[in-house]
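In our numbering, the protein residues as written are 445 to 519.
This is the structure in structure tokens:
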């Protein structure tokens, strides 16, 4: 498995601005969030979790400190 710094390095190598991760096991590995959602990692290293708004509180309790949480109405 890759950690966030490995992903950022790959983004730099490919001159990509970010990557969207949707596989639940990868989301858990990167954020520690066990629910459904998507994770976007920017080339600058910002990690954003997009999850169903009903689970925002749960996500804020489960996620690592460096993860920004955005609640959305539908996934």
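From the three backbone atoms N, C-alpha and C, an ideal C-beta is built for every residue, glycine too.
Quantities reported herein were computed from a predicted structural model and do not represent experimental measurements.
Mind checking residue 483: buried by the 16 CB within 10 Å criterion, or exposed? Residue numbering aside, residue 483 sits at position 39 when the chain shown is read from its first letter. It counts as buried.
Can you say whether residue 495 is buried or exposed, counting buried as having 16 or more other CB atoms within 10 angstroms of its CB? What you label residue 495 is simply residue 51 of the chain shown in a count that begins at 1. Answer is buried; the Cβ neighbour count reaches 16.
In chain order, what residues of the same chain have a beta carbon less than 8 Å from the beta carbon of residue 504, not counting five sequence neighbours either side? Residue mapping note: residue 504 aligns to position 60 of the chain shown, counting from 1. 513, listed in sequence order.
Starting from the Cα of residue 479, find the closest Cα among 446, 448, 469 and give me that residue. The sequence position of residue 479 within the chain shown is 35, counting from 1. Out of 446, 448, 469, 469 has the C-alpha closest to the C-alpha of residue 479.
Between residue 511 and residue 491, is the Cβ-Cβ spacing less than 7 Å? Position 67 of the chain shown, counting from 1, holds the residue named residue 511. Position 47 of the chain shown, counting from 1, holds the residue named residue 491. In this structure, residue 491 lies closer than 7 Å to residue 511 by Cβ.
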